[in-house]
Each structure stands twice: as structure tokens, then as C-alpha cells.
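Residues in the sequence shown are numbered from 37 upward in steps of one, following our numbering.
Here is the structure we will look at, set down as C-alpha cells.
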Amino acid sequence: MSKAKGPQDLPPKGGYVPFQIERIKLRSFATGKMGIGIFIAVNVIGMPLYMQNWRSERKRIIEAKSRELAALPILFAENDRALLKQLKRVREVEADVMKDFPYWEVGTFFGEPIYESVPTDTYIKPHFGELYMFSDPMDRPALAYLHLLP
37 MSKAKGPQDL
47 PPKGGYVPFQ
57 IERIKLRSFA
67 TGKMGIGIFI
77 AVNVIGMPLY
87 MQNWRSERKR
97 IIEAKSRELA
107 ALPILFAEND
117 RALLKQLKRV
127 REVEADVMKD
137 FPYWEVGTFF
147 GEPIYESVPT
157 DTYIKPHFGE
167 LYMFSDPMDR
177 PALAYLHLLP
């Protein structure tokens, strides 16, 4: 048999320390009362700040809406003006294109009114194709092609 050389690994004198198997209670950072106190303090301090911010935000929203409502009639008028200018251009081009036809009357179909059931002074909003009938397709606004997008 072989003899062991050097000291053998033995338990320390008096034995090992006993294992801790009991539950160690954690120290809590905040108690329930402290949590309720923090909640109340945050609400007491935060509510006036929230109300102040809400008032200023409400004023800002009202101001923005007022600006929008003030500008809308001008924008609508400019849109109508641009529409009438385009209609005038279309009528001029139609007169220029059809000048060789002596029986052609601008704004009619061979002398017959297009809309027979409405008075002549009634405005009928033109279709998009009527507005850009004589223009180059590359010059048409991009809005004409929105229906082609997926």
C-alpha cells in the first residue's frame, strides 16, 4: 500500500459551521405607510403643476385652432381663384385648338350645351380630367396619381 505524503484534507477542528436553512427576512426600503405618504406628497405637489401646464397647453391649442380657422377662408379663396384661372386657360386652349372648325362653340358640344337641365349661370365643379385636358401629363399635379398608389 502506498503511504500518503503530506497532510490530508480534514475538517477543521470543532467541525464545519452549521448550514443556515432558516429564512432571512429582507429589509424593506419603504413601508406601506411610507408609500402612501409618498403617493399623497407627489399628488399634492404634482396636481398644481399639472393644472398650470394644462391651462397653458389649452391656450396653445386654442391659439393654433384660431390661426387655422382664420387662414382657412383665405386658403379656400386662393384655391377657387387658381381653379378659375385654370378653367380660363382651358377655355383659351380649347378656342385655339378648335379655331379651324367654324361651327364649334367653346364650352359646348357642337353648339349643344353640355348640361341642359341646369341654368347657364350655375357653377358645376369640373372633373380633374377636364381641368388638365390640354396639358402635358408630366405637368399634372402629383395628386392626379394618388389613386394609383397601393
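No residue lacks a Cβ here, since even glycine has one placed at the ideal position from N, Cα and C.
Can you give me the start and stop residues for the alpha helix (DSSP H) that Val126 sits inside?
To locate residue 126, count along the sequence shown from 1; it is residue 90. First-last of the alpha helix (DSSP H) with Val126: 68-133.
Tell me, please, whether the region 120-130 touches the region 158-178 by the rule of three or more beta-carbon pairs shorter than 8 Å.
yes
Could you please give me the residues that DSSP links to Glu148 through a beta bridge?
One-based indexing of the sequence shown puts residue 148 at position 112. Bridge partners of Glu148: Phe145.
Nearest residue (CA-CA) to Ala131, options Leu120, Val53, Thr144, Lys121
Position 95 of the sequence shown, counted from the start, is the residue given in the question as residue 131. Of the candidates Leu120, Val53, Thr144, Lys121, the one whose C-alpha sits nearest the C-alpha of Ala131 is Thr144.
Quick check on DSSP: helix, strand or coil for Pro173?
The residue labelled residue 173 in the question sits at position 137 within the sequence shown. In this structure, Pro173 counts as helix in the three-state DSSP scheme.
Any idea what DSSP makes of Leu184, helix, strand or coil?
Translated into positions along the sequence shown, residue 184 becomes position 148. DSSP places Leu184 in the helix class (H, G or I) of the three-state scheme.
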